[in-house]
DNA sequence: CTTGCGCGAGAACCATCGTTCTCCTAATGT
DNA sequence: ACATTAGGAGAACGATGGTTCTCGCGCAAG
């Protein structure tokens, strides 16, 4: 028997791969059991319902996604480079083979109307992303509005890359960001 | 008994309201029957499966959405105003009480991974939108890249407005568009 | 040793959903 | 008037999915 902590990790890994890759409603609890190797009983002990597993999936992904972005952007030499590095990071992300857009936009479109918990988690994620870009632009001595504008560009690049299957929107967004940054 | 044409319209109206408002998988064929007042038998005569109804819903919405946008933007006095009017139109759309984001982004997030037909329809919609913005910027004598940049802004504004429930992203996107337009 | 508890495997249960079928009614053509 | 046919209402069917239950086993405490 595996430890509860390991079981929880395996479940969350399986849930993330499946929910993100195929859509939440397209994945049954039984499939998460097979993919994780954790029995249904344990699964329901750790996550009493599918809804709670969805929330755990989204919360963990929110933290990890923003941490990876910040680790990349914060390691740049200057504040301006940090701002532009956001779009380089997006380009790397878009190129990953299992990239399928923003997990929060996707889950909002799928469940936002029927689950206020999902809607709220998606809202919190976007708000945190906007806040982070506001910090970056503030560090570069630019007005707060620039952060919003760049966030909109990034958001548009994410959904466009997902639907068209191309990483190019990251470069286009970066070019636009350069113009806005220089003008601000 | 109602005519087949009327039945088809009623079904498509009911499907659009329900699919868009609550998500496609959250709506059963029985609910479309109740909302449209058309019997299940007729429904399946006109749309042999739910998948075909989904496609009909998306195709009709694509045409109408782009027509409404073009009608608004094309009635402006100058090419520059047409370009910026796109964002005014978005602001009006975001303010509608049943606004819930882009039907194509939502359906892509929900079904894009399992239905290549949905994925392709979403892709075609985005491509047509990008092409339209390219026409507008070309008419204003601006480079093609500006069209892409503005489309990314609009795209980001749509998903941000949907998730945050605010129409404000349209104004932010317009402000950014003004800068890009002036610099291009 | 044995008694009982926790676990895994998977069946079972119940609701939902896409789709089809049954049965009844009404209108149409001769 | 009568046979035929189309249509509506809703039951029925088969599959799927979320959740719980049963059963058998191994292990730990007394």
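Residue numbers (my numbering), protein chains in the order written: chain A, 59 to 242; chain B, 59 to 242.
Yeah, the Cβ is synthetic: ideal placement off N, Cα and C, and Gly gets one too.
Note on residue 184 of chain B: 16 or more other CB atoms within 10 angstroms of its CB, so buried under the neighbour-count rule.
Residue 123 of chain A and residue 135 of chain A have their C-alpha atoms roughly 22 Å apart. When CB distances to chain B are screened at a threshold of 7 Å, the residues of the segment 136-167 of chain A falling below it are 158, 159, 163, 164, 166 and 167, in chain order. Under the three-state reduction of DSSP, residue 94 of chain A is assigned to helix. At a cut-off of 7 Å between beta-carbon atoms, residue 113 of chain A makes no contact with chain B. Residue 90 of chain A does not reach chain B, its nearest Cβ partner there being about 16 Å away, counting only Cβ pairs nearer than 8 Å. Residue 222 of chain B carries a helical assignment under DSSP once its states are collapsed to helix, strand and coil. Sequence-distant Cβ neighbours of residue 194 of chain A in its own chain, meaning closer than 6 Å and more than five residues away, are 140 and 141. The shortest C-alpha to C-alpha distance from residue 217 of chain A to any of A/74, A/231 and A/205 is the one to A/231. By the 16-neighbour rule on beta-carbons within 10 angstroms, residue 150 of chain B is exposed. CA-to-CA, the gap between residue 85 of chain A and residue 85 of chain B works out to about 17 Å.
Where residue 152 of chain A is concerned, the enclosing alpha helix (DSSP H) starts and stops at 137-153. Put simply, the backbone Cα of residue 209 of chain B is about 19 Å away from that of residue 177 of chain B. Taking 8 Å as the Cβ-Cβ cut-off, the segment 170-186 of chain A approaches chain B at 170, 171, 172, 177, 180, 181, 184 and 185, given in chain order. Fewer than three Cβ pairs drawn from the segment 158-178 of chain A and the segment 90-100 of chain A lie within less than 8 Å of each other, which leaves the two stretches out of contact. Of A/206, A/179, A/223 and A/65, the smallest CA-CA separation from residue 190 of chain A is found for A/206.
Under the Cβ distance rule, residue 74 of chain B does not count among the residues neighbouring chain A, no pair being separated by less than 7 Å. Residues of the segment 189-216 of chain B whose Cβ lies closer than 9 Å to any Cβ of chain A, in chain order: 203, 204, 206, 207, 208, 209, 210, 211, 212, 213, 214, 215 and 216.
Within the same chain, 202 and 205 come within 8 Å of residue 196 of chain A by CB-CB distance, once the 5 residues on both sides are set aside.
A residue is called buried when at least 16 other Cβ atoms come within 10 angstroms of its Cβ; residue 79 of chain A does not meet this threshold and is exposed. By the rule that beta-carbons nearer than 7 Å mark a contact, residue 221 of chain A touches chain B.
Of all residues in the segment 223-240 of chain B, the ones placed with a Cβ closer than 7 Å to any Cβ belonging to chain A are 227, 230, 231, 233, 234, 237 and 238, in chain order. By a beta-carbon distance limit of 8 Å, residue 112 of chain A does not contact residue 69 of chain A. Their separation comes to about 12 Å. Exclusion of the five residues before and after residue 64 of chain A leaves no residue of its chain whose Cβ lies closer than 6 Å to its Cβ.
Straight across, the Cα-Cα distance linking residue 212 of chain B with residue 165 of chain A is about 20 Å.
Closest in alpha carbon position to residue 153 of chain A, among A/144, A/220 and A/236, is A/220.
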